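Going by the working numbering, the first residue of the sequence shown is number 3, and it counts up by one from there. Beneath this line is the structure, given in structure tokens, with notes to follow.
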Amino acid sequence: QAKDAGRNALRFFDAEMASAVRARMALEKDLREALPQGQLTLHYQLQVDGAGRATGAEVLLRWQHPQRGMVSPAAFIPLAEKTGLILPIGQWVLHAACVQLAAWAGQPETAQLTLAVNLSAQQLRQADFVAQVLQVLDETGANPQRLKLELTESMLVSNVEDAIEKMQALKARGVRFALDDFGTGYSSLAYLRRLPLDQLKIDQSFVRDVLGDPSAAALAQSIVALAQTMGLGVIAEGVETAEQREFLARVGCHAYQGYHFGRPVPLAEFEAQMQALRAAG
Ligand code: C2E
Ligand code: MG
Ligand code: MG
Ligand code: MG
3 QAKDAGRNAL
13 RFFDAEMASA
23 VRARMALEKD
33 LREALPQGQL
43 TLHYQLQVDG
53 AGRATGAEVL
63 LRWQHPQRGM
73 VSPAAFIPLA
83 EKTGLILPIG
93 QWVLHAACVQ
103 LAAWAGQPET
113 AQLTLAVNLS
123 AQQLRQADFV
133 AQVLQVLDET
143 GANPQRLKLE
153 LTESMLVSNV
163 EDAIEKMQAL
173 KARGVRFALD
183 DFGTGYSSLA
193 YLRRLPLDQL
203 KIDQSFVRDV
213 LGDPSAAALA
223 QSIVALAQTM
233 GLGVIAEGVE
243 TAEQREFLAR
253 VGCHAYQGYH
263 FGRPVPLAEF
273 EAQMQALRAA
283 G
């Protein structure tokens with residue numbers, strides 16, 4: 003009896019595993035088609051300064067699947083990384099972002115904006131990564147000083163020397179770097195000091211809890227202090243309320259990104275936001 007139950011549980015587990023594997027394979031097959039079929043698009047999320055002025059945007063990848071609907075990057079970026087598809091996809095994102103930066107340079111309400119692009123570890127690890135970025139800048143005519151590349155701590159643990167070299171080469175051309183999701187990774191202060199960064203991004207998990215959780219508040223405050231000590235900029239991501247913004251301003255953080263200011267939106271909507279902000283003064 004007990005043996006039968008065990009066997010049934012095992013069979014059930016097998017069936018579940020098999021269906022999970024099938025689902026993954028189906029998603030992977032679709033993901034291979036996403037780029038050639040034109041199903042990938044970019045959304046733009048506003049970044050503001052302490053006075054509420056727009057300073058830039060982050061581009062966030064979206065996959066509009068014909069049957070599944072909008073697939074979250076949390077669901078497909080890991081798969082893109084596992085399959086290597088992140089390389090062509092990441093290259094496409096960078097190119098599209100730089101095309102947009104170049105177009106913005108010609109309009110008064112967007113000319114000063116920076117555009118932040120998320121990178122994956124595999125992209126940075128490519129031997130010709132620097133040359134690729136420079137070529138995209140060259141082809142599109144985007145101003146390198148308006149491009150900000152977002153890295154995460156976990157991307158930097160494996161070969162930090164190589165990463166530093168590549169960052170320095172791009173920084174020499176004006177490209178800026180932000181460390182995303184800061185505080186959630188494994189940064190040692192010793193190597194953080196050596197990275198040619200411009201900005202720390204306070205992870206949204208701390209921002210979410212600054213009012214309710216003293217340790218999150220203390221961490222957010224420490225990150226701001228750390229950035230100041232190291233001469234780096236600091237921006238808070240995931241700011242959803244005026245109260246969170248006020249807390250952050252109190253501890254010295256004057257750059258924000260989050261639903262309180264604007265959700266990630268398609269280009270046309272983002273440009274409408276810029277015009278509205280400009281009209282408001
Ligand atoms: P991330 O780079 O940390 O981006 C911030 C995420 O927080 C975005 O999720 C954004 O929509 C969300 N967010 C912004 N403001 C708020 C807020 O006030 N509240 C809450 N709850 N969430 C907020 P999204 O767009 O789903 O992207 C998730 C992650 O996927 C990104 O995290 C990034 O790691 C990755 N990703 C997105 N686009 C790309 C890309 O082009 N390339 C790579 N390699 N990764 C990307
Ligand atoms: Mg990011
Ligand atoms: Mg982040
Ligand atoms: Mg992230």
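The beta carbon of each residue, even a glycine, is placed where N, CA and C say it ideally should be. No experiment lies behind these values; they were computed from the predicted model shown.
query = Beta carbon of PRO90: closer than 7 Å to some heavy atom of ligand 1?
reply = Residue numbering aside, residue 90 sits at position 88 when the sequence shown is read from its first letter. No, Cβ of PRO90 sits at least 7 Å from all heavy atoms of ligand 1.
key: Residues near HIS67 by beta carbon distance below 8 Å, same chain, minus five either side   = Taking the first residue of the sequence shown as position 1, residue 67 is located at position 65. Correct list, in chain order: ASP32, ALA36, GLN41 and VAL73.
inquiry  = As a quick check of your reading: which residues have a C-beta less than 7 Å from at least one non-hydrogen atom of ligand 3, in chain order?
reply    = ASP182, ASP183, LYS203, ASP205, GLN206 and GLU239
Segment contact, 8 Å Cβ cut-off, at least three pairs: the stretch 152-171 with the stretch 98-114 = no
Start-to-end residues for the alpha helix (DSSP H) that takes in GLU141 = Against the sequence shown, residue 141 aligns to sequence position 139. Its alpha helix (DSSP H) spans residues 131-142.
query = Using the C-alpha atoms, what's the distance from ASN10 back to GLN206?
reply = Counting from one through the sequence shown, the residue named residue 206 turns up at place 204. Counting from one through the sequence shown, the residue named residue 10 turns up at place 8. For GLN206 and ASN10, the distance between alpha carbons rounds to 43 Å.
inquiry  = Let me make sure I understand the geometry here. Which of ARG196, SER190, ALA192 and LEU191 has the alpha-carbon closest to that of PHE179?
reply    = Translated into the one-based positions of the sequence shown, residue 179 becomes position 177. Looking at the Cα atoms, ARG196 is the closest of the given residues.
ask   = What do you reckon, is the C-beta of PRO266 under 7 Å from a heavy atom of ligand 1?
value = Numbered from its first residue, the sequence shown carries residue 266 at position 264. Answer for PRO266: yes, Cβ within range of ligand 1.
ask   = Is the distance from the Cβ of ALA220 to the Cβ of PHE249 below 8 Å?
value = The count along the sequence shown starts at 1 and reaches residue 220 at position 218. The count along the sequence shown starts at 1 and reaches residue 249 at position 247. Not a contact, by the Cβ cut-off of 8 Å.
key: Near ligand 2: GLU152 beta-carbon under 7 Å from a heavy atom   = As a first step, residue 152 is located in the sequence shown; it is residue number 150 there, counting from the start. GLU152 Cβ: within cutoff of ligand 2.
task = Determine which residues share a DSSP beta bridge with MET72 and list them.
result = Reading the sequence shown from its first residue, position 70 is the one you call residue 72. According to DSSP, which records beta bridges pairwise, MET72 is partnered with GLN66.
query = Nearest CA to the CA of VAL241: which residue from ARG64, PHE15 and GLN49?
reply = Residue mapping note: residue 241 aligns to position 239 of the sequence shown, counting from 1. With distances taken between Cα atoms, VAL241 lies closest to GLN49.
query = Are the beta-carbon atoms belonging to VAL119 and LEU96 less than 8 Å from one another?
reply = Numbered from its first residue, the sequence shown carries residue 119 at position 117. Numbered from its first residue, the sequence shown carries residue 96 at position 94. Result yes, Cβ atoms of VAL119 and LEU96 sit closer than 8 Å.
task = Might you give, ordered along the chain, the residues of its own chain that have their beta carbon closer than 7 Å to the beta carbon of LEU63, omitting 5 neighbours on each side?
result = Looking up residue 63 in the sequence shown gives position 61. Within the same chain, LEU63 has close Cβ partners LEU42, LEU44, PRO75 and VAL95.
ask   = Could you give the distance in angstroms between the alpha-carbon of GLN246 and the alpha-carbon of GLN230?
value = Counting from 1 along the sequence shown, the entry for residue 246 is found at position 244. Counting from 1 along the sequence shown, the entry for residue 230 is found at position 228. Between GLN246 and GLN230, the C-alpha separation is close to 20 Å.
Reduced DSSP category for GLU152 - H, G, I as helix; E, B as strand; rest coil = Taking the sequence shown and counting its residues from 1, one reaches residue 152 at position 150. Of the three classes helix, strand and coil, the one that applies to GLU152 here is strand, per DSSP.
message = Just to confirm the assignment: which complete alpha helix (DSSP H) runs, minimum length 4, are found wholly within the stretch 220-255?
response = 244-252
query = Under the criterion of a Cβ to heavy atom distance below 7 Å, does GLU155 qualify as lining ligand 2?
reply = Stepping through the sequence shown from its first residue, residue 155 is reached at position 153. Flag unset: Cβ of GLU155 not near ligand 2.
Per-residue burial, GLN277 [other beta carbons within 10 Å of its own, 16 or more giving buried] = If you number the sequence shown from 1, residue 277 lands on position 275. By the 10 Å Cβ count, GLN277 comes out exposed.
ask   = For ASP200, which three-state DSSP category applies?
value = Your numbering for residue 200 matches position 198 in the sequence shown. Coil.
message = Quick check on HIS262: does DSSP put it in helix, strand or coil?
response = For this step, residue 262 is matched to residue 260 along the sequence shown. Reduced to three states, the DSSP call for HIS262 is coil.
inquiry  = Tell me whether VAL50, by its Cβ, gets closer than 7 Å to a heavy atom of ligand 1.
reply    = Stepping through the sequence shown from its first residue, residue 50 is reached at position 48. For ligand 1, not one heavy atom lies less than 7 Å from the Cβ of VAL50.
ask   = What first and last residue would you give for the alpha helix (DSSP H) that runs through GLN49?
value = What you label residue 49 is simply residue 47 of the sequence shown in a count that begins at 1. Element bounds for GLN49: not the alpha helix (DSSP H) but the beta strand (DSSP E), 42-51.
query = CB-CB under 8 Å to THR57, same chain, minus the five flanking residues each way: which ones, in chain order?
reply = In the sequence shown, residue 57 corresponds to position 55, counting from 1. GLN49, VAL50, ASP51, GLN114, LEU115, THR116 and ALA257, listed in sequence order.
query = Which one of ARG55, PRO90 and GLN69 has the shortest CA to CA distance from PRO38?
reply = Counted from its first residue, the sequence shown places residue 38 at position 36. Checked all of ARG55, PRO90 and GLN69; the closest Cα to PRO38 is PRO90.
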